[in-house]
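In the working numbering, the protein residues as written are 5 to 332. Virtual Cβ for every residue (Gly too), placed ideally from N, Cα, C. Structure first, then comments.
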Ligand SMILES: Nc1ncnc2c1ncn2[C@@H]1O[C@H](COP(=O)(O)OP(=O)(O)OP(=O)(O)O)[C@@H](O)[C@H]1O
Ligand SMILES: [Mg+2]
């Protein structure tokens, strides 16, 4: 199946890409308590699609349901309702495991293996021949920024959190997967490590891989992702390209006084009022907007070329949902 969406790189572009991840009304609840008579809804029914070659970011506060969704997609846990497909096969299907890479949120490492041994073991799980993994392991170590000496000599119990995260990332790529799931890939990394992971993701993207990842580091997400979705308390509250959600990168931020609320609502996204002023992001032509302000005897104070940051957008979305969970 094909789709069409604009990107920041080319807002007007019509992009046709096959669907790689398709989620329909997928939900997950757990029974908890001593008598298993209480229910925790980790994920409310949600639907979304991820397209080939896309970098998709799943965002949300702690406990929002991000890891739950990833585990459902990988077939690690079973849904309570709905269904998910990866590469046109049901989630968890054995036949597509070779094409999938996964970095879990809290990976379990065998403490007494060296990094090199761990990667060799991981290659074995995919039946990768020695002639291939012997070349691939050093390449991966370079990509994730771990020295070969360390990988050969140090056991994993001697690795720092960031070093474990790097070896985990190398493990996720050992089978040269087409689709890569990363649960908090930047967690525990110093700024250089974060930069390196960002570069790794961008280079995977250049190779045409599809990347689905969870993250709290919104500045990185904004640089890397084509599209995002935001979960809050198990509910999917929005999804779309950064272009669709934040506005065009050349959107205008405007601030002013007076005029008619109904007219302002038509022109401005994220309209807010503070200290007698209104402000928001303009959609439409600035000159037409100014003409409209004049007509309604309003006053324009600022017109800046910028768009909402992903961080501001995220905070706004969560705040709006929690203060007004049922807008209708
Ligand atoms: N096995 C389980 N049994 C009961 N509740 C669970 C289970 N696993 C997850 N949950 C609950 O489901 C909700 C979503 O958890 P999840 O781990 O998916 O959140 P998250 O968005 O990944 O959070 P974080 O950003 O902290 O990693 C939480 O309320 C969590 O307590
Ligand atoms: Mg999580």
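Cβ shell of residue i (< 7 Å), same chain only, five flanking positions each side left out
{"i": "residue 179", "result": "102, 105, 130 and 132"}
{"i": "residue 312", "result": "250, 251, 274 and 285"}
{"i": "residue 236", "result": "64, 65, 68, 322 and 325"}
{"i": "residue 193", "result": "166, 169 and 201"}
Sequence-distant residues of the same chain with beta carbon closer than 8 Å to residue i, five excluded per side
{"i": "residue 301", "result": "262 and 263"}
{"i": "residue 171", "result": "113, 119, 122, 123, 148, 150, 155, 160 and 163"}
{"i": "residue 49", "result": "29, 30, 31, 85 and 86"}
{"i": "residue 291", "result": "none"}
Sequence-distant residues of the same chain with beta carbon closer than 6 Å to residue i, five excluded per side
{"i": "residue 159", "result": "116 and 118"}
{"i": "residue 109", "result": "71, 187 and 188"}
{"i": "residue 204", "result": "147"}
{"i": "residue 145", "result": "152 and 155"}
{"i": "residue 305", "result": "259 and 260"}
{"i": "residue 243", "result": "52 and 233"}
{"i": "residue 161", "result": "115"}
{"i": "residue 87", "result": "28"}
{"i": "residue 303", "result": "260, 261 and 262"}
{"i": "residue 95", "result": "77, 79 and 88"}
{"i": "residue 241", "result": "234, 321 and 325"}
Backbone CA spacing between residue i and residue j [nearest angstrom]
{"i": "residue 338", "j": "residue 27", "result": "Residue 338 is absent from the structure shown; the chain starts at 5 and stops at 332."}
{"i": "residue 272", "j": "residue 281", "result": "13 Å"}
{"i": "residue 230", "j": "residue 58", "result": "6 Å"}
{"i": "residue 255", "j": "residue 60", "result": "23 Å"}
{"i": "residue 168", "j": "residue 201", "result": "13 Å"}
{"i": "residue 286", "j": "residue 299", "result": "17 Å"}
{"i": "residue 142", "j": "residue 246", "result": "35 Å"}
{"i": "residue 219", "j": "residue 226", "result": "11 Å"}
{"i": "residue 317", "j": "residue 134", "result": "48 Å"}
{"i": "residue 111", "j": "residue 182", "result": "21 Å"}
{"i": "residue 309", "j": "residue 257", "result": "6 Å"}
{"i": "residue 157", "j": "residue 92", "result": "42 Å"}
{"i": "residue 54", "j": "residue 239", "result": "18 Å"}
{"i": "residue 320", "j": "residue 214", "result": "28 Å"}
{"i": "residue 307", "j": "residue 100", "result": "51 Å"}
{"i": "residue 185", "j": "residue 97", "result": "15 Å"}
{"i": "residue 217", "j": "residue 62", "result": "6 Å"}
{"i": "residue 314", "j": "residue 81", "result": "30 Å"}
{"i": "residue 283", "j": "residue 248", "result": "20 Å"}
{"i": "residue 270", "j": "residue 288", "result": "10 Å"}
Proximity test, residue i beta-carbon vs ligand 1 heavy atom, cut-off 6 Å
{"i": "residue 23", "result": "no"}
{"i": "residue 2", "result": "Residue 2 lies beyond the stretch modelled for the chain, which goes from 5 to 332, so this question has no answer here."}
{"i": "residue 66", "result": "yes"}
{"i": "residue 46", "result": "yes"}
{"i": "residue 36", "result": "yes"}
Residue j beta carbon less than 7 Å from that of residue i
{"i": "residue 155", "j": "residue 107", "result": "no"}
{"i": "residue 138", "j": "residue 83", "result": "no"}
{"i": "residue 44", "j": "residue 34", "result": "yes"}
{"i": "residue 73", "j": "residue 47", "result": "yes"}
{"i": "residue 173", "j": "residue 221", "result": "no"}
Residue i beta carbon near ligand 2 (any heavy atom closer than 6 Å)
{"i": "residue 203", "result": "no"}
{"i": "residue 70", "result": "yes"}
{"i": "residue 109", "result": "yes"}
field: Contact between the segment 293-300 and the segment 315-329 (3+ Cβ pairs under 8 Å)
entry: no
query: Hey, is the segment 204-219 in contact with the segment 38-45, meaning 3+ C-beta pairs nearer than 8 Å?
result: No contact exists between the segment 204-219 and the segment 38-45.
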